[in-house]
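Quick note on this note's numbering: the sequence shown kicks off at -18 and runs consecutively.
Beta carbons are placed, not taken as given, at the ideal position from N, Cα and C, and that holds for glycine.
In this text, all values refer to a predicted model and were calculated from it rather than measured experimentally.
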Amino acid sequence: MKFQWDQDKANNNIKKHSISFEEAVTVFGDSLAVTILDPDHSVGEFRFLTIGQSKSQKLLVISHTERENEIRLISARLASKQERKNYESGV
């Protein structure tokens, strides 16, 4: 799996959410990670949300799209309490 991102967006994500995109990509190695379509933000291209555990055991929500067989990260943040509850219950 290949990943890409805009470095300015990555730097802003660290400032805003304290999560690096390097850590965020480790979520895609979580066998329990769940990916859903993000219809609210799929204007012009399909966007997805993936929730899963990073290698540092943080439960993250990753916004991303697919371009030319690569996953392009848009943002990454800690999961909310409700998102954590849904993930842990398998919803």
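If you look at H(-2), you'll find it in the alpha helix (DSSP H) that goes -12 to -2. For A57, the beta-bridge partners assigned by DSSP are I43. Annotation: Y68 to E3 spans about 22 Å, alpha carbon to alpha carbon.
Counting along the chain, Q34 sits inside the beta strand (DSSP E) bounded by residues 29 to 34. DSSP places Q38 in the coil class of the three-state scheme, outside both helix and strand. In the three-state reduction of the DSSP assignment, V15 falls in the strand class.
By the 16-neighbour rule on beta-carbons within 10 angstroms, G33 is buried.
Judged by beta-carbon spacing, Q(-15) lies beyond the 8 Å limit of R28, meaning their Cβ atoms are not closer than that value.
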